[in-house]
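Colleague: The structure under discussion is supplied below as structure tokens; questions concerning it will follow.
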Amino acid sequence: MNTHCLQLAAGLLVLFIFTASSAVRYVDLNSANPLPPYTDWITAATNIQDAVDAADSGDQILVTNGVYYTGGRVVSGILSNRVAVAKTVNVQSVNGPAVTLIQGKYRPFPVRCVYLSGGATLMGFTLTNGGTGFSGNEVNDQSGGGVWCESSGEIVSNCVLISNNAAYFGGGAYGGTLNNCVLMVNSAQFGGGGCFSTMNCCTLTSNSANISFQGIGGGSYISTLSNCTLTGNWAFDFGGGSYGGTLNNCKLRNNSAQIGGGSNYGLLNNCNLTGNSASYEGGGCYGAGLNECTVTGNSAGRGGGCSSSTLNNCMLSWNLAGTGGGSWKSSMNNCTLTGNSASSVGGGDWGGMLMNCTIAENSANRGGGSFSSTLDNCVVWDNHANSNLNYAFGQLRYSCTIPLASGTGNITNEPLFIDRASGNLRLQSNSPCINAGKNAYAPVGPDLDGNARIAGGTVDIGAYEFQNPSSMLSYVWAQRYGLPTSGLADYADSDGDGMNNWQEWRADTIPTNNLSLLEMLFPSGTVSAVVVTWRSVSGVNYFLDRSSNLGTQPSFLTLKTNISGQSGTTTYIDTNAVGTGQFFYRVGVQE
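In structure tokens form, the structure reads like this:
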């Protein structure tokens with residue numbers, strides 16, 4: 018995971034860049050001679066609000082060490098703010114958050130720490146003990162215990178927001194853009210740490226959404242987080258770490274909730290979800306969209322790794338649940354599920370829809386790899402259970418597993434991972450899974466390594482695509498008939514029936530038997546219909562085209578698609594071929 022964050026520091030390196038019209042105002046809690054306009058340390062204000070009131074837009078306000086806990090200003094509604102800034106000024110501490118604190122009050126009469134609007138900036142403070150009430154304007158008076166920001170244009174940087182409380186939204190912060198901040202032990206009904214905020218390189222620790230009914234988003238609520246760490250946050254109901262919003266390159270660790278221990282809803286990109294828990298469902302996440310994420314060591318009643326989510330190019334490992342150790346009722350593309358376990362059913366997955374996934378070394382009482390799932394182009398191998406080692410129930414198509422599943426295109430050959438013992442589940446160069454999937458079931462986008470999902474013309478089975486196949490044929494098909502996979506036999510006609518080996522593979526005919534081929538037989542007809550017959554294979558779908566004039570363009574028009582092939586021959590009755598004209602037909606394999 019790539020992050021580009023500076024660490025929160027006790028002191029700040031201050032760079033002063035002013036225009037000719039800007040000024041510096043000074044604040045010193047112990048100033049002996051506070052005198053407006055507070056333009057030097059000798060006449061510094063003793064509280065921040067006085068300096069803000071004296072400042073003009075563009076000014077800098079420097080604040081030296083101290084705990085600033087007196088005064089109050091009402092901006093809107095009825096809630097008082099220890100500091101209210103409604104102009105474009107930069108309020109900055111001299112020596113950082115460890116020694117410069119703005120302290121609000123929670124009970125009996127709440128005081129928020131800071132109110133920001135008008136593009137104001139706050140840098141290098143600890144905001145603590147701020148609170149909001151349960152009366153007044155529903156949003157403003159009840160939200161943002163540590164800081165309220167009117168818009169994303171207000172910036173809070175290098176600050177610590179600790180032990181603040183909001184009755185409604187954002188215990189630590191409401192709105193604004195927070196850079197390199199720490200939010201810890203804050204609480205609210207929605208977004209204990211922060212709500213409706215943009216956070217960059219922030220740490221959210223031990224925050225809570227602790228209302229007994231709909232406590233949602235322990236760490237954050239509907240916010241955008243980039244390169245952040247969310248640890249030990251808790252929600253009574255949904256989203257221990259986060260609820261909604263977008264998380265980029267974030268770490269979610271040891272968060273908890275009833276549903277969605279790590280995250281509930283929202284979009285997670287390149288995130289790491291580890292050690293999160295849900296008492297009911299979705300230990301790592303619930304109802305979320307995950308792209309290129311790692312989901313490890315999470316737990317829940319069902320869906321230890323994730324539940325009811327959509328995952329693309331993710332890795333799920335060592336998650337634990339009663340049912341669905343890795344996942345419960347989720348959609349997964351190009352994912353690996355390894356080492357997950359369920360005490361009941363579905364060690365890797367329960368009831369999901371998986372395309373091009375690799376499911377290996379999972380365990381359960383029943384259905385070690387999957388239970389009641391739909392699996393297309395998947396490898397389900399070496400899973401463990403008291404019964405149904407690899408899969409139980411569900412539907413498998415073009416997948417590699419044992420015993421042979423009843424769906425179309427499944428194989429039982431050893432998939433030949435590069436190094437299963439060390440967890441390298443990529444395919445060896447002679448793997449039977451190469452070119453053995455079905456393109457129609459392949460997900461859009463790259464494989465789990467970020468490489469082309471289809472190389473060599475036909476998708477491989479599993480999460481990883483072998484990038485340089487020598488042959489265009491399905492390797493397992495070529496190996497079945499003793500054909501080389503070097504590519505030399507691809508376009509050879511091994512049995513002299515007029516069809517090369519590539520065509521025989523696409524038609525699922527036998528390349529070493531000249532009586533096994535896709536061939537149109539002589540039609541028959543009546544005054545009301547033409548009966549068209551061709552040699553066919555059970556399990557293959559065909560299309561049928563018709564033309565009445567080969568000189569026109571296009572000469573053929575589709576007559577029927579997805580005709581299910583029968584063993585031996587298939588017949589189609591064309592009731593629209595009437596009159597004295599001539600009719601031409603052609604048949605092909607439906608992709």
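In my numbering, the protein residues as written are 18 to 608. Every residue, glycine too, gets a C-beta built ideally from N, C-alpha and C.
(1) Do the CB positions of LEU195 and GLY210 come within less than 7 Å of each other?
(2) Please report the distance separating the alpha-carbon of THR20 from that of ALA438.
(3) Secondary structure at GLN496, three-state DSSP: helix, strand or coil?
(4) Answer with buried or exposed for TYR508, where buried requires no fewer than 16 other C-beta atoms within 10 angstroms of its C-beta.
(5) Please name the residue or residues paired with VAL106 in a DSSP beta bridge.
(6) Whose CA, out of THR340, SER334, THR313, ASN350, lies closest to the CA of SER326?
(7) Could you name the residues of the same chain whose beta carbon sits closer than 7 Å to that of PHE11, not counting the 5 residues immediately before and after it, in chain order?
(8) Leaving out five residues before and five after LEU567 in sequence, what residues of the same chain have Cβ atoms less than 7 Å from its Cβ?
(9) Tell me whether ILE428 is buried or exposed, calling it buried when 16 or more other Cβ atoms sit within 10 Å of its Cβ.
(10) Could you tell me the boundaries of the alpha helix (DSSP H) in which ASN579 lies?
(11) Considering only residues of the region 230 to 307, which uninterrupted alpha helix (DSSP H) runs meet the minimum length of 4 residues and lie entirely inside it, listed in chain order?
(12) Might you give, ordered along the chain, the residues of its own chain that have their beta carbon closer than 6 Å to the beta carbon of CYS417, omitting 5 neighbours on each side?
(13) Taking the C-alpha atoms as reference points, what is the distance between ALA252 and GLY339?
(14) Measure the Cβ-Cβ separation of GLY261 and LEU269 and say whether it is below 7 Å.
(15) Quick check: what's the CA-CA separation for PHE255 versus THR311?
(16) Taking the C-alpha atoms as reference points, what is the distance between LEU178 and PHE230?
(17) Nearest-angstrom Cα distance between MET216 and LEU264?
(18) Expressed to the nearest angstrom, what Euclidean distance is found between the alpha-carbon atoms of VAL111 and THR81?
(19) Considering only residues of the same chain and omitting the five flanking positions on each side of THR550, which have a CB-CB separation below 6 Å?
(20) Since I believe CYS176 is in contact with GLY141 (beta carbons under 8 Å), could you give me their beta-carbon distance rounded to a whole number of angstroms?
(21) For the candidate residues SER553, LEU490, ASP57, SER344, whose alpha-carbon lies nearest to that of PHE388?
(22) Between ASN266 and ASN224, how many whole angstroms is the CB-CB distance? I'm expecting something under 8 Å.
(23) What does a CB cutoff of less than 7 Å around GLU608 pick up in its chain, not counting 5 residues either side in sequence?
(24) List the DSSP bridge partners of PHE434.
(25) Could you round the C-beta distance between GLY341 and ASP366 to whole angstroms and report it? I think they count as a contact, below 8 Å.
(26) Considering only the beta carbon of each residue, do LEU144 and CYS130 sit closer than 7 Å?
(27) Could you spell out where the alpha helix (DSSP H) holding ASN531 opens and where it closes?
(28) Could you name the residues that DSSP lists as bridge partners for ALA62?
(29) What are the start and end residues of the alpha helix (DSSP H) that includes ARG523?
(30) So which of ASN579, ASP562, GLY513, LYS577 has the shortest CA-CA distance to PRO571?
(31) Counting only the same chain and skipping the five closest in sequence on each side, list residues whose C-beta sits under 7 Å from that of THR575.
(32) If LEU371 and LEU337 are in contact, beta carbons under 8 Å, what's the gap, nearest whole angstrom?
(33) Compare the Cα-Cα distances from GLY292 to each of SER448, ARG497, GLY258 and report the closest residue.
(34) Are the CB atoms of GLY234 and PHE213 nearer to each other than 7 Å?
(35) Which two residues bound the contiguous beta strand (DSSP E) that contains TRP551?
(36) Kindly indicate which residue of ASN157, GLU536, LEU290 has the alpha-carbon position closest to the one of TYR191.
Modeller: So, to answer that:
(1) no
(2) Low confidence applies to THR20: its pLDDT is 47, below 50, so where it sits in the model is not reliable enough to give any reading.
(3) DSSP places GLN496 in helix when its eight states are reduced to three.
(4) exposed
(5) Beta-bridge pairing links VAL106 to no other residue.
(6) ASN350
(7) What is shown of the chain runs 18 to 608, which leaves residue 11 out entirely.
(8) The beta carbon of LEU567 lies closer than 7 Å to those of PHE601 in the same chain, with the five residues before and after it left out.
(9) buried
(10) Careful: ASN579 lies outside any alpha helix (DSSP H), inside the beta strand (DSSP E) at 574 to 581.
(11) none
(12) VAL396, ILE428, PRO432, CYS450, ILE478
(13) 21 Å
(14) no
(15) 21 Å
(16) 25 Å
(17) Straight-line measurement puts the Cα of LEU264 at about 9 Å from the Cα of MET216.
(18) 5 Å
(19) LEU538, THR586, THR588
(20) 7 Å
(21) SER344
(22) Their Cβ separation, rounded to whole angstroms, is 20 Å, which puts ASN266 and ASN224 out of contact at 8 Å.
(23) ASN456, ALA457
(24) LEU444
(25) 6 Å
(26) Contact: yes.
(27) Where ASN531 is concerned, there is no enclosing alpha helix (DSSP H), given that its DSSP letter is neither H nor E.
(28) VAL44
(29) 518 to 524
(30) Nearest Cα to PRO571 within the set ASN579, ASP562, GLY513, LYS577: ASP562.
(31) PHE560, ASP562
(32) About 19 Å separates the two Cβ atoms, so there is no contact after all.
(33) Among SER448, ARG497, GLY258, the Cα nearest to that of GLY292 belongs to GLY258.
(34) no
(35) 547 to 553
(36) ASN157
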